[in-house]
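Presented below is the structure to which this report refers.
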Amino acid sequence: MRFSRISKALGVAAVSALALSACASTDNGGDGDSGSTKSISVAELNTFSSLNTDSSSGNTDINSKIATATHNGFYSITDQLEVKHNDDFGSFEKISDNPLKVKYTVNEDQQWSDGNKIDKGDLLLAWASQSGHFNGEGENGEQFFDYAGDSEGLGLTSMPEFSDDGRTMTLTYSKPYIDWETAFDVRLPAHVVAKKAGMSEDDLVNTLTSAKPGEKNEQLSKIADAWNTGFDTTKMPDDKDLLVASGPYKIKDIVENQSVTLEKNDKYTGDAPKIDEITMRSIGDANGQLQALNNGEVQVISPQANVDTIQQLKDADGVKTLTGDQLLYDHVDLNFNSDVFKDENTRKAFLLTIPRQSIVDKLMKPMNSDAEVLDSQVYVSSQDEYKDAVEKNDSSEFPSSDMDANISQAKELLGGKTPTVRLLYNSGNKARADIFQMIQESAKKAGFNVEDLGAADWSKKLPGGDYDASLFGWTSPGVGHSSYGQIFAAGGGGNYNGYDNEDVNKKADEIRTTVGDDAKVKDLAIGIDKDLFDDSYGLPLFQQAGVVGVKDNVENVTFNPGSTQVWWNVEKWDIKN
């Protein structure tokens, strides 16, 4: 499974809780009469912060949802967690097994919303940023693109080959790759990145084709800097080129910490969207979302699930309630670059004090009597592999049933020390704040002083490492195996805590190149799981349940357990007449 987005949704993911927004309709979503404008408002927990969801700073769930509406590509993930090839955009196919070769072709009619063709520059930039090709090795190696995902898979490819018209790209892998089908897609417009870097798109292409990996290169640095942070924005940018889109919608307006409004992209060649305007409103609290739904200010809500929220939705008039397990889990990670956690006994002691059962009892049990403590870092409890993983991964070293015994063991491990632990989390999410308080109170019993580093911009602080432990969540698109390298291998784009275990690195590498042997992949993944518990890496807390409320007159909104959630088919949404 690929956990690719930091969710701030829980008191979570990677990916991300917070304020109110504008452009609310006072009815049930626009006039459905023929010839009228149709509009929908959607309430989400988190606030928008970047137009580049592939960068470390932009890798959050809400940014990903907006990108799903504004970007098209070679494939998408359905609500059944299947890879769907987007024939309206282009085609891709494996043309050789030995060596592995994959050919991508962009359809001739594809263009960005400003009329620029989607072609070689866009394909090459996407490959350069996602493959890690130019980043040097080791601590002293030159680093360029700050990609949040796992670059090791696409990193198995050499410089792409292109057709004369620049619309066809062929990738050749040095080894088999298990996730070749979801390894690559087009993201940002190369001509806009080039402009921000102070060059033409031709100059960008020339730089990317001539630069030497790991070596200083001023032009390449300019391109990478523009890609890394040039698309971060919490409000409507002065440079409207940043808003260039390829999907069914494009951004019309951004109100800081409140809303993002989308309008139809007339250059989109897929199925024409039925809704003219969609406004994503950031409403961080479930009661606020419910009130907005009942008042007709929004027509779709995705609040944090709890027993009261679900019951209120079921009791509401004219509302459909969608529920299911999300591929999202909350967890605490320890920072291996932190002085306090360089000592293994201190790591284990702190983890023993985390009251996981109490957290589940307070936050999850009220809405799901079967909710349980999550005891795997690589599988969630709704997955078939979970039971086998728990039996073999040494999670039993961190029991959750007897906290008195845990505290006593933690005191023994500390040997009289009273360490201070700075815990980073999303202060804008009530559930996260509740979890922090419970951890702080429990850890104090063993001698820990847990400092509150809660922050609204916690996701931007996560890669910096100026904390001792972090509380957040990962959410998955539901396909692939890249999370092992992305999160747990040294140098992975989501390895924010400096963890480095050679055995884990090797297993992650082996998973990447194991094709057609699911049993072996499972054994390797459980081996990684065991290493994580043995190293006192951190602790998973629980799998998150999901709930969506939809007004009865809104059609084609379905529950998706993956990272894009209801936004996966935004172009299909409609309003009944």
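So the sequence shown is residues -24 to -1, 1 to 553, counted in mature numbering (1 follows the signal peptide of the UniProt record, and there is no 0). The beta-carbon is built from N, C-alpha and C at its ideal position, and this holds for glycine as well.
Need the endpoints of the beta strand (DSSP E) that residue i sits in, please.
i           : result
residue 416 : No beta strand (DSSP E) contains residue 416, which is instead part of the alpha helix (DSSP H) from 406 to 420.
residue 305 : 295 to 310
residue 431 : 425 to 431
residue 78  : 76 to 82
residue 127 : From DSSP, residue 127 is part of no beta strand (DSSP E); its letter is neither H nor E.
residue 20  : 15 to 20
residue 228 : 225 to 231
residue 52  : 51 to 53
residue 71  : 66 to 73
residue 253 : 253 to 258
residue 491 : Looking at the DSSP string, residue 491 is not in any beta strand (DSSP E), and its letter there is neither H nor E.
residue 240 : 235 to 240
On the DSSP letters alone, give me the boundaries of the alpha helix (DSSP H) that residue i sits inside.
i           : result
residue 60  : That residue, residue 60, is in no alpha helix (DSSP H); its beta strand (DSSP E) goes 59 to 61.
residue 103 : 96 to 107
residue 265 : 262 to 270
residue 509 : 494 to 510
residue 41  : 37 to 46
residue 559 : This structure cannot settle anything about residue 559, because the visible part of the chain is limited to -24 through 553.
residue 218 : Residue 218 -> no alpha helix (DSSP H), and no H or E assigned at all.
residue 554 : Examination of residue 554 is not possible in this model, given that the chain is present from -24 through 553 alone.
residue 195 : 194 to 205
residue 290 : 283 to 291
residue 209 : Here residue 209 belongs to no alpha helix (DSSP H), and DSSP marks it neither H nor E.
residue 320 : 320 to 328
Cα separation between residue i and residue j?
i           : j           : result
residue 290 : residue 379 : 36 Å
residue 482 : residue 274 : 48 Å
residue 539 : residue 391 : 43 Å
residue 421 : residue 331 : 12 Å
residue 492 : residue 154 : 8 Å
residue 293 : residue 209 : 38 Å
residue 105 : residue 147 : 15 Å
residue 526 : residue 535 : 10 Å
residue 443 : residue 303 : 27 Å
residue -19 : residue 313 : Confidence at residue -19 is low in this model, with a pLDDT of 43, below 50, so its placement is unreliable and no value can be given for it.
residue 565 : residue 413 : Any answer about residue 565 is impossible in this case: the structure gives the chain only from -24 up to 553.
residue 258 : residue 215 : 23 Å
residue 367 : residue 408 : 29 Å
residue 446 : residue 399 : 5 Å
residue -2  : residue 454 : For residue -2, the predicted structure reports a pLDDT of 27, less than 50, and the residue's modelled location is therefore unreliable. A value from the coordinates is still provided. Going from the Cα of residue -2 to the Cα of residue 454 covers about 32 Å.
residue 125 : residue 553 : 42 Å
residue 551 : residue 27  : 28 Å
residue 75  : residue 133 : 10 Å
residue 393 : residue 423 : 7 Å
residue 202 : residue 87  : 21 Å
residue 64  : residue 223 : 11 Å
residue 269 : residue 518 : 28 Å
residue 218 : residue 207 : 6 Å
residue 508 : residue 306 : 16 Å
residue 541 : residue 111 : 32 Å
residue 342 : residue 497 : 36 Å
residue 237 : residue 20  : 13 Å
residue 39  : residue 172 : 21 Å
When you compare each of the options to residue i by their alpha carbons, which one comes out closest?
i           : options            : result
residue 524 : 45, 216, 84, 278   : 278
residue 205 : 535, 398, 32       : 32
residue 184 : 101, 270, 93       : 101
residue 372 : 53, 28, 350        : 350
residue 450 : 254, 353, 506      : 353
residue 246 : 131, 51, 288, 519  : 51
residue 90  : 345, 121, 167      : 167
residue 288 : 305, 262, 309      : 262
residue 131 : 489, 500, 503, 232 : 489
residue 58  : 530, 452, 467, 509 : 452
residue 436 : 24, 339, 543       : 24
residue 12  : 252, 342, 406      : 252
residue 522 : 382, 301, 318, 343 : 301
residue 235 : 60, 54, 128, 22    : 22
residue 360 : 502, 434, 440, 122 : 502
residue 297 : 531, 42, 114, 16   : 531
residue 459 : 477, 440, 433, 487 : 487
Measuring only from the beta carbon, is residue i closer than 6 Å to any heavy atom that is part of the ligand ADP?
i           : result
residue 513 : Absence of the ligand ADP is noted for the structure shown, with no ligands found whatsoever.
key: 4-residue-minimum alpha helix (DSSP H) runs that sit fully inside the stretch 139 to 183, ordered along the chain   = 166 to 172
Every unbroken beta strand (DSSP E) inside the stretch 330 to 402 [3 residues or more] = 396 to 402
Cβ pair count under 8 Å reaching 3, the stretch 76 to 83 against the stretch 138 to 146 = yes
ask   = Are there three or more Cβ pairs, one per stretch, closer than 8 Å when the stretch 221 to 231 is compared with the stretch 38 to 53?
value = yes
task = List in chain order: all unbroken alpha helix (DSSP H) runs of 4+ residues lying wholly within the stretch 452 to 479.
result = none
request  = Specify whether the stretch 511 to 524 and the stretch 313 to 327 touch according to this definition: at least 3 beta carbon pairs, one from each stretch, less than 8 Å apart.
outcome  = yes
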